[in-house]
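Undergrad: One structure follows; several queries about it will come next.
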Amino acid sequence: MALYDTLGATYGRTRQPDPRIAARIRAALGDAADVINVGAGTGSYETPHTVLAVEPSQVMLAQRPPGSAPAVCAVAEHLPLPDDAADAVMALLTVHHWTDLAAGIAELRRVARRRIVILTWDQQVFRERFWLVRDYLPQAAAFDDARAIPIDDLVALLGGARVEPVPVPHDCTDGFGAAYWRRPHAYLDPQVRAGISLLAQTGEDALAPGLAALADDLATGRWQERHADLLARDALDVGYRLLVADY
Ligand SMILES: C[S@@+](CC[C@H](N)C(=O)[O-])C[C@H]1O[C@@H](n2cnc3c(N)ncnc32)[C@H](O)[C@@H]1O
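Mapping the sequence shown onto UniProt numbering, position 40 (from 1) lands on 40, and the numbers just tick up by one.
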């Protein structure tokens, strides 16, 4: 069974594509006439140019909105597509889940005629700048240390790429790991945590002491005092990165 057959049940509720991030992805895709979305999930960030979505989880496929691009149940490591199948291939917040990263990137390069766009994160930046994992959830930080893909490794596998920071808006509608950096109470909500693989996979028992400490710091006002600078910001670079490779 695919991992997201268990993790993905509420994805459509907590993970609505964010329009500001969507604009960044559209810009990164440039003038690509056709796009294949690999690790497509429920179809977030697909543009009208998307001709095919590739996704291994039936639970995620079932949440694709009516009228979405056609989808096939498959993995990045074995794309059921000919060489040079589309101008661009995108893979958003997915490469850290793949079982064989090198094989998956080789497949993206085989099917992309001109461009590959990947959204991922820089774990060094993330664990230093994101207060939740740095100050409260060291087990979650350690979990990501083990699975996060170093940006340099990805760039090397792509044969070179432009790396662009993607700051997270304070009211980001896509509830991924650091989306609630300015809305700390959200992390106390189990439904929010269920939509964040980092937290769902670290497990509730391991998270419990850190979440109790966060609840306490919020109730006493300690969190607000310590993070007054964050409350004045509209967006924050917590390590999310767009990689754009041209061929
Ligand atoms: C966090 S979701 C991202 C979904 C979508 N790209 C988005 O931005 O909302 C990660 C997705 O990667 C998929 N995935 C996991 N392993 C995969 C693999 N080996 N090949 C392709 N996709 C995979 C999961 O099923 C899940 O839908």
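Cβ coordinates follow ideal geometry from the N, Cα and C atoms, glycine included.
#1: As an exercise, report each continuous alpha helix (DSSP H) stretch of at least 4 residues that is fully enclosed by the segment 151 to 198, in chain order.
#2: Could you give the uninterrupted runs of the alpha helix (DSSP H) lying entirely in the segment 16 to 42, keeping only those of 4 residues or more?
#3: Could you spell out where the alpha helix (DSSP H) holding V111 opens and where it closes?
#4: 8 Å is my cut-off, CB to CB: does A9 come that close to chain D?
#5: From P169, T47, R110, A215, pick the residue whose C-alpha is nearest to that of residue 252; which is it?
#6: DSSP beta-bridge partners for T120?
#7: For ligand 1, I want to know if L92 counts as a neighbour, meaning its beta carbon is within less than 7 Å of at least one of the ligand's heavy atoms.
#8: What I want to know is whether the C-beta of M1 ends up closer than 7 Å to one or more non-hydrogen atoms of ligand 1.
#9: Tell me whether the beta-carbon of A200 lies closer than 8 Å to the beta-carbon of A206.
#10: From T50 to W98, what does the alpha carbon distance come to, in whole angstroms?
#11: For Y180, verify whether its CB is less than 7 Å away from any heavy atom of ligand 1.
#12: Quick one: Cα of P167 to Cα of R110, how far?
#13: In this structure, how does DSSP classify residue 256 when only helix, strand and coil are distinguished?
#14: Beta carbon of R129, beta carbon of V238: below 8 Å?
#15: Hey, is Y240 close to ligand 1, as in C-beta under 7 Å from one of its heavy atoms?
#16: Looking only at DSSP bridge pairs, what is L214 linked to?
#17: Verify the contact flag: T42, CB atom, against every heavy atom of ligand 1, threshold strictly below 7 Å.
#18: Within the present structure, is the beta-carbon of E107 separated from the nearest heavy atom of ligand 1 by less than 7 Å?
#19: With C-beta atoms as the reference, is D87 less than 8 Å away from D122?
#20: At what residues does the alpha helix (DSSP H) containing A141 begin and finish?
#21: Helix, strand or coil, according to DSSP, for M1 in the structure here?
#22: Taking one C-beta from the segment 143 to 161 and one from the segment 227 to 245 each time, how about it: are there three or more such pairs within less than 8 Å?
#23: Nearest-angstrom Cα distance between W131 and S197?
#24: Taking all protein chains shown into account, decide if M1 is buried (16 or more other Cβ within 10 angstroms of its Cβ) or exposed.
#25: Out of Y4, L137, L101, V125, which has the shortest C-alpha to C-alpha gap to Y187?
TA: If we stick to the structure as given:
#1: 151 to 158, 190 to 194
#2: Within the segment 16 to 42, the complete alpha helix (DSSP H) segments of 4 residues or longer fall at 19 to 29, listed in chain order.
#3: Position 111 of the sequence shown, counted from the first residue, corresponds to residue 111. Segment 101 to 111, the alpha helix (DSSP H) holding V111.
#4: Chain labels in this structure do not include chain D; a single protein chain is all it has.
#5: Any question about residue 252 goes unanswered here, given that the chain covers just 1 to 247.
#6: Walking along the sequence shown from the start, residue 120 turns up at place 120. Its beta-bridge partners are R241.
#7: Counted from its first residue, the sequence shown places residue 92 at position 92. Under cutoff, so the answer is yes.
#8: On the sequence shown, residue 1 is found 1 positions in, with the first residue counted as 1. Outside the cutoff, so no.
#9: One-based indexing of the sequence shown puts residue 200 at position 200. One-based indexing of the sequence shown puts residue 206 at position 206. Result no, Cβ atoms of A200 and A206 do not sit closer than 8 Å.
#10: Translated into positions along the sequence shown, residue 50 becomes position 50. Translated into positions along the sequence shown, residue 98 becomes position 98. Approximately 21 Å between the Cα atoms of the pair.
#11: Position 180 of the sequence shown, counted from the start, is the residue given in the question as residue 180. False, no ligand heavy atom lies under 7 Å from that Cβ.
#12: Residue 167 sits at position 167 when you count from the first residue of the sequence shown. Residue 110 sits at position 110 when you count from the first residue of the sequence shown. Cα to Cα, P167 sits roughly 30 Å from R110.
#13: Shown here, the chain extends from 1 to 247; a query on residue 256 therefore has no answer.
#14: By 1-based counting over the sequence shown, the position of residue 129 is 129. By 1-based counting over the sequence shown, the position of residue 238 is 238. With contacts defined as CB atoms closer than 8 Å, R129 and V238 qualify as a contacting pair.
#15: Your numbering for residue 240 matches position 240 in the sequence shown. Every heavy atom of ligand 1 is 7 Å or more from the Cβ of Y240, so no.
#16: Numbered from its first residue, the sequence shown carries residue 214 at position 214. None; L214 has no bridge partner.
#17: What you label residue 42 is simply residue 42 of the sequence shown in a count that begins at 1. Under cutoff, so the answer is yes.
#18: Counting from 1 along the sequence shown, the entry for residue 107 is found at position 107. No, the Cβ of E107 stays beyond 7 Å of every heavy atom of ligand 1.
#19: Position 87 of the sequence shown holds residue 87. Position 122 of the sequence shown holds residue 122. No.
#20: Numbered from 1 along the sequence shown, position 141 holds the residue referred to as residue 141. Element bounds for A141: 138 to 147.
#21: Against the sequence shown, residue 1 aligns to sequence position 1. Three-state DSSP puts M1 in coil, outside helix and strand.
#22: yes
#23: The residue labelled residue 131 in the question sits at position 131 within the sequence shown. The residue labelled residue 197 in the question sits at position 197 within the sequence shown. If I take the Cα positions, the gap works out to 18 Å.
#24: Taking the sequence shown and counting its residues from 1, the one referred to as residue 1 is at position 1. Classification for M1: exposed.
#25: For the purposes of this step, residue 187 is identified with residue 187 of the sequence shown, where counting begins at 1. For the residues Y4, L137, L101, V125, the minimum Cα distance to Y187 belongs to L137.
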